[in-house]
Amino acid sequence: MPIITANKKAYYDYEILQSLEAGIVLSGPEVKSIKNGRINLSGGYVNIDSKGAVWLINVHVDSYAPAAQVQKDYNPTQNRKLLLNKKQIASLIGKIKTKGLTIIPLKVYTKHRIIKIEIGLVRGKKKWDKRENIKKRETKRKIEQSLKNYS
């Protein structure tokens, strides 16, 4: 499962409560562009409409250069449909009604030559939560360095 891109800022800004794998509806040139790593997940989010369709919004996929002449009116931040089963969609609808929860894209990767996206149900972290995580990471790093020096 080679990861094409990951939303590193999401892991810092949000507490990830649950993650799901979803398929994504793409055109041919978009697939080529994503496989070349020309996708940016920052600022993107997932929305569920009244009909129960799940949409990936505000994710930037660059146009594929050899197909630029064919796709003259290409919109790189267009809404893209995500493919989930009905139980997963129903579960997400119930959970996002809770105040403070949202769904964002976490990773894009290939699985058996098919592009998949990992979305996460998240809650925003407070400033003190972020500081606490930084302190834990620093102490862990110091402990590992000290163990490495004594070995």
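Heads up, the sequence shown is in this note's numbering, so the first residue is 316 and it goes up one at a time. Even glycine gets a Cβ: it sits at the ideal position worked out from N, Cα and C.
- Query: What whole-angstrom Cβ distance do residue 376 and residue 349 have, given they're in contact under 8 Å?
  - Reply: 6 Å
- Item | Residue from 418, 365, 455, 460 with nearest C-alpha to residue 359 | 418
- Message: I'd like to know whether the C-beta atoms of residue 398 and residue 337 end up nearer to each other than 8 Å.
- Response: yes
- Message: Quick check on the burial criterion: 16 or more other C-beta atoms within 10 angstroms. Buried or exposed for residue 322?
- Response: buried
- Query: Excluding the five sequence neighbours on either side, which residues of its own chain have a C-beta within less than 8 Å of the C-beta of residue 366, listed in chain order?
  - Reply: none
- Give the DSSP-derived three-state secondary structure of residue 350 in the structure shown. helix
- Item | For residue 334, the first and last residue of its enclosing beta strand (DSSP E) | 329–339
- Message: Please report the straight-line C-alpha distance between residue 364 and residue 391, rounded to a whole angstrom.
- Response: 21 Å
- Item | The beta strand (DSSP E) enclosing residue 439, as first and last residue numbers | 429–439
- Message: One question on the structure: do residue 409 and residue 438 come within less than 8 Å of each other, judged by their Cβ atoms?
- Response: no
- Task: Can you tell me the Cβ-Cβ gap for residue 404 and residue 371, rounded? I've got them flagged as a contact below 8 Å.
- Result: With 8 Å as the limit, residue 404 and residue 371 do not qualify as a contact, their Cβ atoms being about 14 Å apart.
- Task: Tell me the start and end of each unbroken beta strand (DSSP E) in the stretch 363–411 that is at least 3 residues and wholly inside, in chain order.
- Result: 369–372, 395–398
- Message: Within a Cβ cutoff of 6 Å, which residues of the same chain sit near residue 434, ignoring the five residues on either side of it in sequence?
- Response: Listed in chain order, the non-local C-beta contacts of residue 434 below 6 Å within the same chain comprise 335, 337, 361, 418, 420, local neighbours out to five positions each way being set aside.
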